[in-house]
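Data block below; observations after.
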Amino acid sequence: MLYMPPSLEEFSTRRKAFITLMNAAHPDWETALFASSVHQYYFTGTMQDGLVIVQRSDGSLRYAVRRSYERARMESPLAETELMPMPSYRALDALFPAGAGALYVEGDTLPLAALERMKKHLPFSSLGFLDAVIRKQRSLKSAYELEWIRRCGALHRDILENYVPSILREGMSEAELAGSMLAEMYRRGYQGLIRFYTRTEVNVGQLGFGTNSLYPSSFDGPGGAKGHGPAAPFSADGEKRLAKGEIAFVDVPFALNGYHTDKTQIYMLGNKAPPDFTRAHELCLDIEKRVAERLIPGEIPSKIYEDIMNSLSPDDAHSFMGVNQRHQVKFLGHGVGLQIDEFPVIARGFDEPLEENMVFAIEPKKGVAGTGMAGIENTYIVTPEGGVCVSGGASSPSKGGIIHL
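Counting in my numbering, the sequence shown runs from 599 upward without gaps.
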């Protein structure tokens, strides 16, 4: 089954949880407004051009839809009274005859121009941001969400550990690999794009043959990729072809029914990987294992990060989590769900304890000059027994090791 909508009870639980968290974080709030497509989907089960409006006074949630109201009616299980057409922002006048009071919006993603257009029909006494609240709420996954993440992870594992080795060959270009992978991903139910909280959307991910995997990138991740070129840096290089003795770095998320898993696999064509590359990869496998063991309720993400980083020798730390010493990121893993870069993050500053049913992608990686990007990435669920991998990991035939072709 490629799609199974959440129940009405699921949406009710999400709305009530959000109100509870807002009451604790922002006792003055009166109205919350969501304009991003992902949050519309999270609260309503559909993704239109509209606004989700939550009001504290009566605990209500209304979905005002500009286009397409008809499709929203078809897809959302919300009651008809909770869905309303919004031909223009004038329709908000009826909802807020006395104004919205203390209004909270998505400060990270709501365009200022859109807020300015709303003001005439959505007057407010004060403006605040709800981003931290909703990101905290979404970090805890329901049984419904975990089911889809597990399904996604199983398909993801099979594609990277079985399908890619069956097609990867000498002379294949990065673009050919990306195209073949995408075709197979679609056959498995892939939704067609990967969503980021930063409003980035990609269709395949990040891959590179040989030293192309060390090509600097503006993407906030440890790996590199040359892509098609300056105009499309997050695609695949159509000219670079895999040669014997080269590694292939494939960091390709998978998404199903809105939910993501994240996974990276390294392949080696022909010769064995050079000793320095093998050592770097084994270091990353060990770090993945150590982090996964600590994905238990009560652990502090920033403490995990500090302990791992402080354990590294100068040689290990060189180019760790980056393509080189000048191009590194300062995290070991990130939350995953409806978007690929959710909270919490295994990094400094994330000091709240982990909770059961959070989901993380753990991705220790290390650039090796002259060869390429070593490392691993898998998706884990936080449990009292430690992280449970849904995308392969130590339980897979490769156990995260380099797949030699």
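Even for Gly, the Cβ is constructed at its ideal location relative to N, Cα and C. Model, not experiment: these values are computed from the prediction.
Own chain partners of residue i with C-beta closer than 7 Å, once the 5 adjacent residues on each side are dropped
i: D914; result: L881
i: G699; result: E628, T629, F722 and S723
i: L1009; result: In the structure as shown, the chain begins at 599 and stops at 1003. Residue 1009 is therefore absent and cannot be evaluated.
i: G657; result: I617
i: H916; result: Q923
i: G751; result: T859, T977, V988 and S989
i: Y761; result: E782
i: G920; result: P820, Q926, V927 and G965
i: N869; result: K842 and G843
Given residue i as reference, the closest of the options once Cα atoms are compared
i: P820; options: E774, E837, H925 and Y702; result: H925
i: E904; options: F832, A752 and K928; result: K928
i: T679; options: M919, D647 and L659; result: L659
i: N976; options: G990, L708, T809 and G808; result: G990
i: R793; options: V650, E608, G777 and H637; result: H637
i: G947; options: L930, M956, E837 and E782; result: L930
i: A853; options: T876, L676 and G787; result: G787
i: E743; options: G984, L910, S605 and I1001; result: S605
i: E774; options: G806, Y687 and L1003; result: G806
i: D949; options: K734, Y702 and M682; result: K734
i: L710; options: P695, F727 and F694; result: F727
i: I974; options: M602, H879 and G868; result: H879
i: M956; options: H719, I845, I747 and L713; result: I747
i: S833; options: G769, D939 and S816; result: S816
Secondary structure of residue i, DSSP reduced to three states
i: G808; result: helix
i: R669; result: helix
i: G991; result: helix
i: K963; result: strand
i: Y580; result: The shown model of the chain, from 599 to 1003, leaves out residue 580, and the question about it has no answer.
i: Y601; result: coil
i: S724; result: strand
i: P872; result: coil
i: A598; result: Past the edges of the chain, shown from 599 to 1003, lies residue 598, and the structure says nothing about it.
i: S900; result: helix
i: S740; result: coil
i: A841; result: coil
i: E768; result: coil
i: F948; result: coil
i: G777; result: helix
i: T707; result: coil
i: V800; result: strand
i: N922; result: strand
i: E983; result: coil
Chain-order list of residues whose beta-carbon lies under 6 Å from that of residue i (same chain, five-residue window excluded)
i: T644; result: A670, E673 and S674
i: F875; result: V966, T969 and A972
i: R892; result: I902
i: L936; result: V636 and G856
i: E837; result: none
Residue i, buried or exposed, once every other Cβ within 10 Å from all chains shown has been counted against 16
i: T1059; result: A question about residue 1059 goes unanswered here, because the residues of the chain that appear run from 599 up to 1003.
i: Q923; result: exposed
i: L766; result: buried
i: E668; result: exposed
i: A741; result: exposed
i: K963; result: buried
i: L681; result: buried
i: A712; result: exposed
i: D835; result: buried
Alpha carbon of residue i to alpha carbon of residue j, nearest angstrom
i: S666; j: A692; result: 20 Å
i: Y813; j: V800; result: 18 Å
i: R749; j: I979; result: 13 Å
i: P912; j: D818; result: 23 Å
i: E608; j: L676; result: 11 Å
i: V943; j: V850; result: 19 Å
i: M684; j: D647; result: 10 Å
i: P763; j: V848; result: 11 Å
i: F941; j: R715; result: 30 Å
i: H624; j: D729; result: 12 Å
i: A776; j: E782; result: 10 Å
i: L883; j: Y865; result: 15 Å
i: S900; j: A945; result: 5 Å
i: S771; j: G985; result: 36 Å
i: R612; j: I651; result: 14 Å
i: V934; j: I1000; result: 24 Å
i: E897; j: E704; result: 29 Å
i: L753; j: N621; result: 39 Å
i: R654; j: E844; result: 58 Å
i: S686; j: L725; result: 22 Å
i: T862; j: S778; result: 17 Å
i: S994; j: E759; result: 8 Å
i: I701; j: I757; result: In the sequence under discussion, the amino acid at residue 701 is Leu, which differs from the Ile named in the question. Cα-Cα distance, rounded: 45 Å.
i: L1003; j: E768; result: 10 Å
Distance cut-off 8 Å: residue i Cβ against heavy atoms of the ligand GTP
i: C882; result: This structure lacks the ligand GTP; in fact it carries no ligand of any kind.
Residues near residue i by beta carbon distance below 8 Å, same chain, minus five either side
i: G803; result: I792, V848, D849, V850 and P851
i: P982; result: I894, P895 and E954
i: T809; result: G968, T969 and G970
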